[in-house]
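Enquirer: If you scroll down you'll find the structure; I have some questions about it.
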Amino acid sequence: MSLSPSLERIRIPGQPSLAQRVRSRINTDALVLLAVLGCQLMVVVDATIVNVALPDIQRSLGFSTSSLSWVLNAYTLTFGGLLLLGARLGDILGRRGTFLGGLSLFVSASVFGGFATDTSMLLVARAFQGVGAALAAPAALALLMTRFPEGNQRTRALALFTAVSIGGFSLGLVLGGALVQWLDWRWVFFVNVPIGAVVIVAGLLSLPRTAAQPGAFDLQGALYSTAGIGAVVYGLVNAAEHGWSTPVTIVALILGSAFLLGFVYTESRAPQPITPLRLFASVSRSSAHLGRLVMVAGFMGIMFFLTQYLQEVLHYGPLATGVAYLPMTVATFGASQLTARVLVGRLSTRTLLITAFSVAAAGLYWLTTLDAQTPYLALLGPFVLIGAGGGMAFLALTTAALRGVHPDDAGAASGLVNTAQQLGGTVGLAIMVAVFGAATRGLTPSSTTFAHGMTVTVLTAAVLLTAGAVLMAITQGERRATATVPAPVR
């Protein structure tokens with residue numbers, strides 16, 4: 033571990049330096065977890081905390097109805113588009129610096145957004161928040177990988193990471209509702225300042241410096257990956273808003289696919305690629321990324337409509353809506369801890385993932401019974417099953433995706449995990465919006481109509497997760513989730 037050079041130089045002759053005395057008084061593992069989990073919490077919370085404030089933002093800054101969605105899209109595009117680049121920058125330039133730099137940019141952009149006086153200022157702030165998140169998030173997971181060795185230590189750390197990743201969704205709704213209701217919409221941005229300060233200090237005190245890797249930077253791969261993922265994300269965002277058949281959607285998806293094909297070709301020839309293709313050599317590892325995309329697509333697409341169901345049909349306020357998700361959050365945390373402490377030592381990754389996808393799918397099938405008169409208590413059972421399945425799945429998927437990865441590729445592997453998650457949410461929302469629109473087309477808008485569309489959408493998500501369970505059965509091996517693997521090879 034290394035502290036700043038100034039701390040290293042503060043020394044009384046014959047006594048340890050100030051840095052050494054600080055090290056002796058802190059639990060370094062705990063501080064690393066605080067830094068990594070704090071960063072992940074900020075990134076995940078930011079995906080939902082702004083949603084609650086959108087009506088107030090629209091009234092305050094004068095957004096039109098059509099342009100308001102770009103408060104969310106500006107963040108999604110830069111975050112998703114730059115993830116692979118940000119991940120590899122951490123490997124090449126050093127993860128500690130990339131993590132702290134990205135986090136500092138994220139916090140600075142949050143301050144800028146909080147002081148926004150017009151629409152352009154806020155959209156620029158949201159875009160730079162996405163850039164900061166694209167640098168910090170993959171570096172955070174890579175730092176966790178290299179700090180905690182493969183096995184029980186990493187599994188338990190990833191269990192906490194999973195709980196924070198899913199629990200941050202409902203926390204963002206609760207926190208956003210409270211801040212908007214009791215303070216002002218600007219505080220959904222300002223709240224990142226104290227949290228970010230704590231995380232940055234924890235990182236400065238605990239994160240080790242990593243040497244930069246020699247060699248030339250893969251500029252061509254960086255351009256292809258950024259343009260490809262950015263175009264695909266833009267196409268999916270446009271599909272959710274305007275439909276799959278619009279020219280903009282079609283052109284964006286075609287261009288994105290072409291850029292990504294060029295990216296794969298470039299990476300196969302680059303001496304130091306942005307995303308080494310050896311990361312896809314393992315079928316189990318590759319299917320874990322696809323499984324994450326499927327699981328997130330089902331989850332996030334449904335959460336979008338569940339939030340509206342709670343507010344528009346059950347007439348919950350923003351704060352009550354966030355609180356309504358807490359049983360799902362508790363189930364997620366409990367399942368991830370049970371999985372880390374008990375199940376991974378007894379079940380194979382294949383069995384664990386089949387069970388997880390099946391449990392979450394069962395919760396979604398149960399949720400298809402809702403209608404306009406369904407009380408909240410009837411949602412508790414499905415919420416618990418969905419949360420428990422997600423808690424089990426995301427831990428096992430992350431473990432499988434990172435198993436056997438060489439430390440030099442930790443950032444790139446973490447970037448793939450984050451990219452699968454980001455694309456999964458975008459794909460899921462686009463698909464579920466299309467399904468909902470088809471199910472309610474021609475019907476008179478009402479609570480009954482919304483509940484009908486919601487039921488069809490939930491059924492689609494349940495079928496998607498069922499397909500995910502089949503995929504895991506075919507592609508995952510029988511090795512236990514904490515099994516020792518040979519030393520990673522390059």
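For the sequence shown, my numbering assigns the number 33 to the initial residue and increments by one for each residue that follows. Where is the CB? At the ideal position from N, CA and C, for every residue including glycine.
#1: Apart from the five residues just before and just after G447, which ones in its own chain have a Cβ nearer than 6 Å to its Cβ?
#2: To the nearest angstrom, report how far apart R301 and F111 are at their CA atoms.
#3: Taking the alpha-carbon of A433 as reference, which of G294, R186 and A352 has the nearest alpha-carbon?
#4: Does the segment 420-438 come close enough to the segment 78-86 that 3 or more CB-CB pairs lie under 8 Å?
#5: Three Cβ pairs or more, each shorter than 8 Å: is that satisfied between the segment 62-70 and the segment 226-238?
#6: Look at G500 and F331 and say whether their C-beta atoms are less than 8 Å apart.
#7: Helix, strand or coil: how does DSSP classify S314 here?
#8: Have a look at D61, A329, V345 and L251 and flag the residue whose alpha-carbon is nearest the alpha-carbon of P181.
#9: Quick one: Cα of V502 to Cα of V103, how far?
#10: From the DSSP output, in three-state form, read off S478 for me.
#11: Quick one: measure Cβ to Cβ for G262 and G113, integer angstroms, because I've assumed they're closer than 8 Å.
#12: Over the uninterrupted alpha helix (DSSP H) stretch that includes P87, give me the two end residues.
#13: In this structure, how does DSSP classify D403 when only helix, strand and coil are distinguished?
#14: Please check the pair A367 and G323, which I expect to be a contact at CB under 8 Å, by giving their CB distance rounded to whole angstroms.
#15: Have a look at F138, P407, G349 and G145 and flag the residue whose alpha-carbon is nearest the alpha-carbon of W217.
#16: Return the first residue and the last residue of the alpha helix (DSSP H) that S300 is part of.
#17: Take L338 as the anchor and find which of A462, P240 and Y357 has the nearest alpha-carbon.
#18: Please name the residue, chosen from N184, V296, D150 and S142, that lies closest to I227 on a Cα-to-Cα basis.
#19: Going by DSSP, what residue range makes up the alpha helix (DSSP H) through W21?
#20: Return helix, strand or coil for W398, following the three-state DSSP convention.
#21: Ignore the nearest five residues each way along the sequence and tell me which others in Q343's own chain have a CB closer than 8 Å to its CB.
#22: Counting only beta-carbon atoms, is R128 nearer than 8 Å to chain D?
#23: In chain order, what residues of the same chain have a beta carbon less than 7 Å from the beta carbon of L461, not counting five sequence neighbours either side?
#24: Three Cβ pairs or more, each shorter than 8 Å: is that satisfied between the segment 148-167 and the segment 127-138?
#25: How big is the Cα-Cα spacing for T157 and A106?
#26: Does W214 pass the burial test, meaning 16 or more other C-beta atoms within 10 Å, or should it be called exposed?
#27: Does the segment 481-492 come into contact with the segment 464-471, if we say contact requires no fewer than three beta-carbon pairs (one atom in each stretch) closer than 8 Å?
#28: Our contact map puts L429 next to A329 with C-beta atoms below 8 Å; I'd like the distance itself, whole angstroms only.
#29: Taking the alpha carbon of I282 as the point to measure from, which residue in L293, L370 and V264 has its own alpha carbon closest?
#30: Any chance the segment 447-458 sits against the segment 382-397, with 3 or more Cβ pairs inside 8 Å?
#31: Span of the alpha helix (DSSP H) holding T364?
#32: Give the straight-line distance between the Cα atoms of R317 and L309, rounded to the nearest whole angstrom.
#33: Check each candidate in A466, V467 and G485 and name the one with the smallest Cα separation from L475.
#34: Can you look up V265 in the DSSP assignment and give me helix, strand or coil?
Expert: From the atom records:
#1: If we look at G447 and ignore the five residues flanking it on each side, its Cβ neighbours are L115, L116, A119 and P170.
#2: Computed Cα separation, rounded: 26 Å.
#3: Relative to A433, the option among G294, R186 and A352 whose CA is nearest is R186.
#4: Result no; under three Cβ-Cβ pairs closer than 8 Å.
#5: In short, these stretches touch, since the Cβ pair count reaches three.
#6: Not closer than 8 Å, so no.
#7: Reduced to three states, the DSSP call for S314 is coil.
#8: For the residues D61, A329, V345 and L251, the minimum Cα distance to P181 belongs to D61.
#9: Separation of V502 and V103 (C-alpha to C-alpha, rounded to the nearest whole angstrom) is 37 Å.
#10: Here DSSP, grouped into helix, strand and coil, assigns S478 to coil.
#11: In this structure, G262 and G113 form a Cβ contact; the two beta carbons are roughly 3 Å apart against a cut-off of 8 Å.
#12: P87: member of the alpha helix (DSSP H) spanning T60 to L93, first to last residue.
#13: Look at D403 here: in three-state DSSP terms it is coil, with no helix or strand label.
#14: No, A367 and G323 are not in contact; Cβ-Cβ is about 16 Å, not under 8 Å.
#15: The candidate whose alpha carbon is nearest that of W217 is G145.
#16: Start and end: P279 to R301.
#17: Y357 is the residue among A462, P240 and Y357 whose C-alpha sits nearest the C-alpha of L338.
#18: Cα-wise, what sits closest to I227 is S142.
#19: Because the chain in this structure spans residues 33 to 522, residue 21 falls outside the shown range and cannot be described.
#20: Correct three-state label for W398: helix.
#21: Closer than 8 Å at Cβ, skipping near neighbours: G349, P350 and T353.
#22: The structure shown contains no chain D; it is built from a single protein chain.
#23: So the list reads A272, M332, G333 and F336, once near-sequence residues are dropped.
#24: They touch, by the three-pair rule.
#25: According to the sequence displayed, residue 157 carries Ala and not Thr. Their Cα atoms are separated by approximately 9 Å.
#26: An exposed status is given to W214, since fewer than 16 other beta-carbon atoms sit within 10 Å of its beta-carbon.
#27: Touching, yes.
#28: Under the criterion of beta carbons closer than 8 Å, L429 and A329 do not qualify as touching, at roughly 13 Å.
#29: Selected option, being the one with the closest Cα: V264.
#30: Flag = no, the segment 447-458 and the segment 382-397 do not touch.
#31: Run containing T364: L358 to R373, per the alpha helix (DSSP H) assignment.
#32: Using only the alpha carbons, I get a separation of about 12 Å.
#33: Comparing Cα-Cα distances from L475 to each of A466, V467 and G485, the minimum goes to G485.
#34: It is helical.
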